[in-house]
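Student:
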Amino acid sequence: MSVMDTARTKGHLLWAGAAIFFMVAAIPVWAHAGNAKEGRKIVITKKLGNCIACHYLPNVESPGNIGPNLVKAMQAYSMADRADVTQWVRDARKFNPHTIMPPFGANKILTPQQIDDAVAYLYTLKKQ
Amino acid sequence: MYRLVTFLKMFVLTAAVGLVFGTFGSGTPAQAATKSSATIEQLTPSMSYAEYKKRYEKYYGDATAQMAEEGNPADFLLDDGKDLANKVVGSKGKSCASCHGKDAVKLKGAATTFPRYDAALKGIMTFPLQINTCRERQMGAKPLKYESYDQLALTMYIKSLSNGMPIRVSIDGLAQPFYKKGEATYYRRQGQLNFSCAICHVQYAGYKARANLISNNKHHADHWPGYRLKWNKTGSLQRRFRGCLKNMRAKRKPYESAEYRDLELYLTYINNGDLIQVPGMRM
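Each protein sequence line maps, in turn, to chains X and P. Just so you know, we're using the working numbering here: the first sequence kicks off at -13 and counts up by one. Just so you know, we're using the working numbering here: the second sequence kicks off at 1034 and counts up by one.
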């Protein structure tokens, strides 16, 4: 085995290791299968989530100010809080019985997939 | 040139309003999936009327004052309403003027006590319903279709006789249970979005739903029928109810249904003291 071969094997191993690492790291994201690009569409479209009626979100014209700024709000959530963020969208009454936020899941305004997509989009707002 | 500028202003306003007022509207009306509770939800008012007014002026500037300066299209209905008040119709050969004086002038002040409890109806009498009751009982004439031109013109004209007078609606005695029902409707969560009238006009008055500043409910009932840019037409307070209910994706009732009459009593009562100013003009 030449020096060259050893180096190449090491290189392959490194690549394989990196690939496995990223696949494992991505599992929690896969498990929810939210599509952030779809999510963006959902949060800004009137007939879908229309979240911008109440929340500040970037790059939209005249967002409302009834609810908190979601860019700021998302900084407080880590990936581990994903269930909570999803619950806010599904039915915020769990956290605040007097909320004005529509129960998007409970009242079937959005499908579970659409809610996952919206949440995936919200996570793209987290500053690195 | 002036007309063109006016037109452009109206156009820009209408476009802005279109963006704004469509805030929650949707093509999918749906039923409430949420149970309503019998008790009135305790909500904290977002701000005083004075504070709301400050926000309004900061946000819209003099856009609405300018709008008013250029004339209210609803004013055209006033003359027709006066003509209708003098016009003989029905099998008994009478007009409103037969009982209420030429141009129905004796009805000055009448609008200040409407809606009110009516013993024959065993319910709440509103202005449009009173007009139709007079037509049927006193004049032998057909009722006017709600929201029709003639119905709006008559209601508006006769209410305008009380312009500048304070609202002083009574909720005493037999009116009380209807007032309570109206209040319950105002606070009841309904529709797919689970909103109530009060959550917007009490708890979030002064906040923006998209670009749309939500109004404090003072002065809600003192200026209808009125002209609304979004409708490009004159309409009643109950038409406004139906507009908000549609945005809430809630079921809607017909005009002058008991529910809307009770709601109108509640809303007008909480506006007691506000001066009648018909026809109004809104975006």
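Quick reminder that beta carbons are idealized off the backbone N, C-alpha and C, glycines included.
With P:R1261 as the anchor, note down where its alpha helix (DSSP H) starts and where it stops.
Tutor: Here residue 1261 of chain P refers to the residue found at position 228 of the second sequence. Here P:R1261 belongs to no alpha helix (DSSP H); instead the beta strand (DSSP E) covers G1259 to R1261.
Student: When DSSP labels each residue in this structure, what does X:A11 get in the three-state scheme?
Tutor: Walking along the first sequence from the start, residue 11 of chain X turns up at place 25. The predicted position of X:A11 is uncertain, since its pLDDT is 47 and thus under 50; a value taken from the coordinates is nonetheless stated next. Helix at X:A11.
Student: Does any residue of chain X bring its CB to less than 7 Å from the CB of P:I1232?
Tutor: As a working note, residue 1232 of chain P is residue 199 in the second sequence. Output row for P:I1232: interface = yes.
Student: Using only the alpha-carbon positions, how far apart do P:P1176 and P:L1117 sit?
Tutor: Here the question's residue 1176 of chain P lines up with position 143 in the second sequence. Here the question's residue 1117 of chain P lines up with position 84 in the second sequence. Each residue's Cα considered, the two are about 13 Å apart.
Student: Considering only DSSP beta bridges, list what P:Y1150 is partnered with.
Tutor: For this step, residue 1150 of chain P is matched to residue 117 along the second sequence. Paired residues: P:I1157.
Student: Which residues in chain X have a C-beta closer than 7 Å to the C-beta of P:F1211? List them in chain order.
Tutor: The residue labelled residue 1211 of chain P in the question sits at position 178 within the second sequence. By Cβ distance, chain X contributes nothing, its closest Cβ being about 26 Å from P:F1211, past 7 Å.
Student: Thinking C-beta only, is X:C37 closer than 7 Å to X:G50?
Tutor: For the purposes of this step, residue 50 of chain X is taken as the residue at position 64 of the first sequence. For the purposes of this step, residue 37 of chain X is taken as the residue at position 51 of the first sequence. For X:G50 and X:C37, no; Cβs fall outside 7 Å.
Student: Candidates X:E47, X:S48, X:L43 and X:A66: which alpha carbon is nearest X:A59's?
Tutor: If you number the first sequence from 1, residue 59 of chain X lands on position 73. The option with the nearest alpha carbon to X:A59 is X:L43.
Student: Hey, which unbroken runs of the beta strand (DSSP E) at 3 residues or more fall wholly within the stretch 1206 to 1264 of chain P?
Tutor: Within the stretch 1206 to 1264 of chain P, the complete beta strand (DSSP E) runs of at least 3 residues are 1259 to 1261.
Student: Using the C-alpha atoms, what's the distance from P:K1279 back to P:S1079?
Tutor: Indexing the second sequence from 1 puts residue 1079 of chain P at position 46. Indexing the second sequence from 1 puts residue 1279 of chain P at position 246. Annotation: P:S1079 to P:K1279 spans about 24 Å, alpha carbon to alpha carbon.
Student: What does P:F1228 reach in chain X if we use C-beta pairs closer than 8 Å?
Tutor: As a position in the second sequence, residue 1228 of chain P is number 195, starting the count at 1. Per Cβ cutoff of 8 Å: I86 and P88.
Student: Take X:F81 and list the residues in its own chain whose beta-carbon comes closer than 7 Å to its own, dropping the five residues that flank it on each side.
Tutor: As a first step, residue 81 of chain X is located in the first sequence; it is residue number 95 there, counting from the start. For X:F81, where only same-chain residues beyond five positions count, the Cβ hits under 7 Å are W74.
Student: Excluding sequence positions up to five away, which residues of its chain have a Cβ less than 7 Å from the Cβ of X:G35?
Tutor: Stepping through the first sequence from its first residue, residue 35 of chain X is reached at position 49. Only I28, V29, F90, L96 and A104 meet the Cβ criterion.
Student: In three-state terms, what does DSSP make of P:P1287?
Tutor: The residue labelled residue 1287 of chain P in the question sits at position 254 within the second sequence. Looking at P:P1287 - three-state DSSP - the assignment turns out to be coil, as it is neither helix nor strand.
Student: Taking P:K1266 as part of the beta strand (DSSP E), name the residues at either end of that continuous run.
Tutor: The sequence position of residue 1266 of chain P within the second sequence is 233, counting from 1. Per DSSP, the unbroken beta strand (DSSP E) holding P:K1266 starts and ends at K1266 to G1268.
Student: Please list, in chain order, the chain P residues whose beta carbon lies closer than 9 Å to that of X:N21.
Tutor: As a first step, residue 21 of chain X must be located in the first sequence, where it is residue number 35. Residues of chain P whose Cβ lies closer than 9 Å to the Cβ of X:N21 do not exist, since the nearest Cβ in that chain is about 22 Å away.
Student: Closer than 9 Å by beta-carbon distance: list the chain P residues that pair up with X:N55, in chain order.
Tutor: To locate residue 55 of chain X, count along the first sequence from 1; it is residue 69. By Cβ distance, chain P contributes nothing, its closest Cβ being about 13 Å from X:N55, past 9 Å.
Student: Going along the chain, which unbroken runs of the alpha helix (DSSP H) with 4 or more residues stay wholly within the stretch 1088 to 1116 of chain P?
Tutor: 1096 to 1102
Student: In the DSSP assignment, find the unbroken alpha helix (DSSP H) run with X:R76 in it and report its ends.
Tutor: Walking along the first sequence from the start, residue 76 of chain X turns up at place 90. R68 to D77 is the extent of the alpha helix (DSSP H) around X:R76.
Student: Applying a beta-carbon distance threshold of less than 7 Å, which residues of chain P neighbour X:S48?
Tutor: Along the first sequence, read from residue 1 onward, the residue named residue 48 of chain X stands at position 62. Per Cβ cutoff of 7 Å: R1243 and A1244.
Student: What span of residues does the beta strand (DSSP E) with X:G91 cover, start to end?
Tutor: Locating residue 91 of chain X in the first sequence gives position 105, counting from the first residue. Note, X:G91: premise wrong, no beta strand (DSSP E); not H, not E.
Student: Rounding to the nearest angstrom, what Cα-Cα distance links P:A1186 and P:H1256 in this structure?
Tutor: By 1-based counting over the second sequence, the position of residue 1186 of chain P is 153. By 1-based counting over the second sequence, the position of residue 1256 of chain P is 223. Rounded to whole angstroms, P:A1186 to P:H1256 spans 14 Å at the Cα level.
Student: Are there 16 or more other CB atoms within 10 angstroms of the CB of P:Y1293, so buried, or fewer, so exposed?
Tutor: For the purposes of this step, residue 1293 of chain P is taken as the residue at position 260 of the second sequence. Buried, since its Cβ has 16 or more Cβ neighbours within 10 Å.
Student: Using a Cβ-Cβ cutoff of less than 7 Å, which residues in the same chain neighbour P:K1042 once the five nearest sequence positions on both sides are dropped?
Tutor: As a first step, residue 1042 of chain P is located in the second sequence; it is residue number 9 there, counting from the start. Reliability fails at P:K1042, whose pLDDT of 47 lies under 50, so the model's placement of it is uncertain and no value is given.
Student: In this structure, how does DSSP classify P:R1273 when only helix, strand and coil are distinguished?
Tutor: The residue labelled residue 1273 of chain P in the question sits at position 240 within the second sequence. Correct three-state label for P:R1273: helix.
Student: From the beta carbon of P:Q1225, is the nearest beta carbon of chain X less than 7 Å away?
Tutor: The residue labelled residue 1225 of chain P in the question sits at position 192 within the second sequence. Closer than 7 Å: yes.
Student: Would you kindly report the start and end of the unbroken beta strand (DSSP E) that includes P:R1315?
Tutor: Locating residue 1315 of chain P in the second sequence gives position 282, where the first residue counts as 1. From DSSP, the beta strand (DSSP E) with P:R1315 extends over G1313 to R1315.
Student: How about P:Y1220: is its C-beta nearer than 7 Å to some C-beta of chain X?
Tutor: Here residue 1220 of chain P refers to the residue found at position 187 of the second sequence. For P:Y1220, the answer is no, since every Cβ of chain X falls outside 7 Å of its Cβ.
Student: So, helix, strand or coil for X:K112, using DSSP?
Tutor: The residue you call residue 112 of chain X lines up with position 126 of the first sequence. In this structure, X:K112 counts as coil in the three-state DSSP scheme.
Student: Based on DSSP bridge pairs, tell me the residues matched to P:L1308.
Tutor: Residue numbering aside, residue 1308 of chain P sits at position 275 when the second sequence is read from its first letter. According to DSSP, P:L1308 bridges with P:P1199.
Student: Given this structure, state the Cα-to-Cα distance separating P:Q1236 from P:Y1220, to the nearest angstrom.
Tutor: Position 203 of the second sequence, counted from the start, is the residue given in the question as residue 1236 of chain P. Position 187 of the second sequence, counted from the start, is the residue given in the question as residue 1220 of chain P. Rounded to the nearest angstrom, the gap between the Cα atoms of P:Q1236 and P:Y1220 is 11 Å.
Student: Would you decide whether P:K1125 is buried or exposed? Buried here means 16 or more other CB atoms lie within 10 Å of its CB.
Tutor: Indexing the second sequence from 1 puts residue 1125 of chain P at position 92. Per the 10 Å Cβ criterion, exposed.
Student: Could you tell me whether any Cβ in chain X is nearer than 7 Å to the Cβ of P:M1080?
Tutor: As a position in the second sequence, residue 1080 of chain P is number 47, starting the count at 1. No - not a single Cβ of chain X is within 7 Å of the one on P:M1080.
Student: Tell me the residue span of the alpha helix (DSSP H) that contains X:L56.
Tutor: The count along the first sequence starts at 1 and reaches residue 56 of chain X at position 70. It spans L56 to Q61 - the alpha helix (DSSP H) in which X:L56 sits, taken as one unbroken run.
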